[in-house]
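Undergrad:
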Amino acid sequence: MKLSSTLEKAFNTQITLEFQASLVYRQLAIELEGMDLPGMAAWLRHQADEEIVHANKFIDHVSDRGNHPVIGAMEAPKGDADSVLEAFTTALEHERKVSESIRELYRAAEGEGDLDSRPLLNWFLQEQIEEESTVSEIVGRVEMINDDGPGLLRLDEELGARPTTTTEAR
């Protein structure tokens, strides 16, 4: 069943937001690499790749429904983070923005009685709970560590051990 033009537009907005999230994470990775924290930078690069996987899931859904996926215009992400805390706080703020956008997309689909979008949107609702929880935990740990060098290096090592993923939809 084809998406309505309203839902097609809403899904395309979400596709753009997922790519924007990837760019935000890439820029934050650049910032932490500049702070000589390669593990945190690698974690953020992996997160950027995961956001592309998310965009691909939405693209596939729109395409599979007989609609036309379109990536909209994006702004360049903020180009500086003065601290590890600022970097991860920025990441958390963006995750919250993505979460709310997915909830709005869900509401729009429900409003149109679009049952076929439910499985995808339910998956994303659960995924965003995990995303926010993970980044929130990192923020909490960074706040606990404060500017303690050994603590930051330990967290850097831990985050750098994250397994790699692919940008292809799973």
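With numbering that gives the first Met the number 0, the residue at position 133 of the sequence shown is 132, and numbering never jumps.
Quick reminder that beta carbons are idealized off the backbone N, C-alpha and C, glycines included.
Note that the coordinates shown come from a computational prediction; the quantities given were computed from them, not determined experimentally.
Is it true that the segment 114 to 128 meets the segment 97 to 105, where meeting means three or more beta-carbon pairs spaced less than 8 Å apart?
TA: The segment 114 to 128 is in contact with the segment 97 to 105.
Undergrad: Short of 7 Å in beta carbon distance, which residues of its chain neighbour residue 66, apart from the five on each side in sequence? Order them along the chain.
TA: Counting from one through the sequence shown, the residue named residue 66 turns up at place 67. Excluding positions up to five away in sequence, the list reads 1, 2, 7.
Undergrad: If we ignore side chains and look at the alpha-carbon of each, how far apart do residue 28 and residue 150 end up?
TA: Mapped onto the sequence shown, residue 28 falls at position 29. Mapped onto the sequence shown, residue 150 falls at position 151. C-alpha separation (whole angstroms): 19 Å.
Undergrad: Would you report the Cα separation of residue 35 and residue 63, rounded to the nearest angstrom?
TA: Position 36 of the sequence shown holds residue 35. Position 64 of the sequence shown holds residue 63. Taking the straight line from one Cα to the other gives about 43 Å.
Undergrad: Measuring alpha carbon to alpha carbon, tell me which of 56, 40, 38 ends up nearest residue 17.
TA: For the purposes of this step, residue 17 is taken as residue 18 along the sequence shown, with counting starting at 1. Ranking the options by Cα distance to residue 17, first place goes to 56.
Undergrad: Let me check understanding here. Comparing Cα to Cα, which of 96, 40, 15, 136 lies closest to residue 74?
TA: Counted from its first residue, the sequence shown places residue 74 at position 75. Cα-wise, what sits closest to residue 74 is 15.
Undergrad: Taking only the alpha-carbon atoms, compute the straight-line gap between residue 115 and residue 109 and give it to the nearest angstrom.
TA: To locate residue 115, count along the sequence shown from 1; it is residue 116. To locate residue 109, count along the sequence shown from 1; it is residue 110. Taking the straight line joining both Cα atoms gives about 10 Å.
Undergrad: Comparing C-alpha positions only, which one of 128, 83, 107, 129 sits nearest to residue 152?
TA: Counted from its first residue, the sequence shown places residue 152 at position 153. With distances taken between Cα atoms, residue 152 lies closest to 83.
Undergrad: On the DSSP letters alone, give me the boundaries of the alpha helix (DSSP H) that residue 257 sits inside.
TA: With the chain represented from 0 up to 169, any question about residue 257 goes unanswered, as that position is not in the structure.
Undergrad: How many Å lie between residue 119 and residue 134 at the Cα?
TA: For this step, residue 119 is matched to residue 120 along the sequence shown. For this step, residue 134 is matched to residue 135 along the sequence shown. If I take the Cα positions, the gap works out to 22 Å.
Undergrad: With a threshold of 16 other CB atoms inside 10 Å of the CB of residue 137, please say whether the residue is buried or exposed.
TA: Translated into the one-based positions of the sequence shown, residue 137 becomes position 138. Buried, because 16 or more other Cβ atoms sit within 10 Å of the Cβ of residue 137.
Undergrad: Would you mind working out which of 9, 146, 159, 155 sits nearest residue 69, comparing C-alpha positions?
TA: Translated into the one-based positions of the sequence shown, residue 69 becomes position 70. Nearest option by C-alpha distance: 9.
Undergrad: Please state if the CB of residue 39 and the CB of residue 139 are separated by a distance shorter than 9 Å.
TA: In the sequence shown, residue 139 corresponds to position 140, counting from 1. In the sequence shown, residue 39 corresponds to position 40, counting from 1. Taking 9 Å as the Cβ cut-off, residue 139 and residue 39 do not qualify as a contacting pair.
Undergrad: Where residue 24 and residue 143 are concerned, what is the direct C-alpha to C-alpha distance, given to the nearest angstrom?
TA: The sequence position of residue 24 within the sequence shown is 25, counting from 1. The sequence position of residue 143 within the sequence shown is 144, counting from 1. When rounded, the distance between both Cα atoms is 22 Å.
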